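This note's numbering applies: residue 30 is where the sequence shown begins, and numbers increase by one. Think of the CB as a built atom: it goes at the ideal place given N, C-alpha and C, for glycine as much as any other residue. Values in this document were obtained by computation on a predicted structure and should not be read as measured data.
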Amino acid sequence: MSVAESDQPLRIVVLGERTGGRLVPGELPEPDRRFHRALRYLRSAAWVIRDPQTFGPDALDPAAASSVPRGYRTDGDWIWPVALEYYLEHHGVAPPAELLELMAERGYYAPRAHADRCGQAHQALLPHMPGPFEPPAPMQFRLPPDVYDLLVTVGWQPGRDESARVEEWAAGQGIELDAARRQILSEFGGLTFPVYGYGRDWRVMAFHLLPNGPLGDVAGPLLPIGSVPQWKSQIVLDPRRGIATVGEVERYLGRDIDEALTSLIRGQAVG
């Protein structure tokens, strides 16, 4: 079973919302046969945001180290924070009754949410403020929050350094990397970005950054750094102007890699 894009609104779990703003431990204890089945369902659903570097405090065990993970999953009907999985596993805090009923109807196996539906879930989370029992997004000023979230979901993190891999790849291709391209690929190289929702000015497409994807062949001063397969286009760095796509679809993406990633992830033209 799978769930594709839909006009059906997604419901978002807010921990404590149905219990007067508090968590109730022991609602679904481990001896209950639904405990492991519900946990399996929650953990098998598709990621919407996965932030493996960010944790928050355990509201039911204040003395414990920060251990509540940040992230969100979806089954195509509901979105829940992975904090729900944590509080169920460690304290027996139950999911909402309606979600538990849906799990039972599906035999406690989450359907596969298609990329477009995950994109709709990502859009639904944009105006959502984290509940009091969810870790907030880390404080950072470099990237828009939605762009940061997708980057960490696909494997980037602040301080990421893939320079050794990139240099090995470049040597194998007989390429001499200039400083600007080396800097971009050392931080973002090798990432693949999924089709993830609806763009503001064009429909978002999957894209790859080298060494992932084809190297391509571009002329003049343009330096390839990635590709957008469905556009049959290369992502290139122009040392004088910035970053753009060339090929069947040609778009200016921004002055630097941060602007370019924002444009591609949001499907948004540079103003």
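Counting C-beta pairs with one atom in each stretch, the stretch 67-75 and the stretch 133-147 have three or more that are closer than 8 angstroms, which means they touch. Here DSSP, grouped into helix, strand and coil, assigns Q297 to coil. A straight-line Cα-Cα distance of about 8 angstroms links P161 and L44. For I213, the closest alpha carbon among the candidates L154, D287, P165 is that of D287. In its chain, beyond the 5 residues on either side, R210, I213, L214, L238, L239, I264, V265, L266 have a beta carbon closer than 7 angstroms to the beta carbon of I254. In this structure, the alpha-carbon of L39 lies about 12 angstroms from that of A142. Residue environment: F222 is assigned as buried (16 or more neighbouring CB atoms within 10 Å of its CB, all protein chains considered). Only residues of its own chain outside the window of five on either side were considered, and among them E216, F217, L220 have a CB closer than 8 angstroms to the CB of W185, listed in chain order.
If you draw a straight line from the Cα of Q169 to the Cα of Y177, it is about 9 angstroms long. In the structure shown, L266 falls within a strand segment according to DSSP collapsed to helix, strand and coil. Between G296 and D80, the alpha-carbon positions lie close to 22 angstroms from each other. Going by beta carbons, A112 and P98 fall inside the 8 angstroms limit. Uninterrupted beta strand (DSSP E) stretches at least 3 residues long and entirely within the stretch 176-241 occur at 236-238, given in chain order.
D87 sits in coil when the DSSP states are folded into three classes, being neither helix nor strand.
P167 and P159 do not touch by the CB rule: their CB atoms are close to 12 angstroms apart, not below 8 angstroms.
Note that the stretch 48-57 does not touch the stretch 92-110; fewer than 3 beta-carbon pairs, one per stretch, sit closer than 8 angstroms. No Cβ-Cβ contact shorter than 8 angstroms links Y70 with L154. Contact annotation: V278 and V247 have beta-carbon atoms that are not nearer than 8 angstroms.
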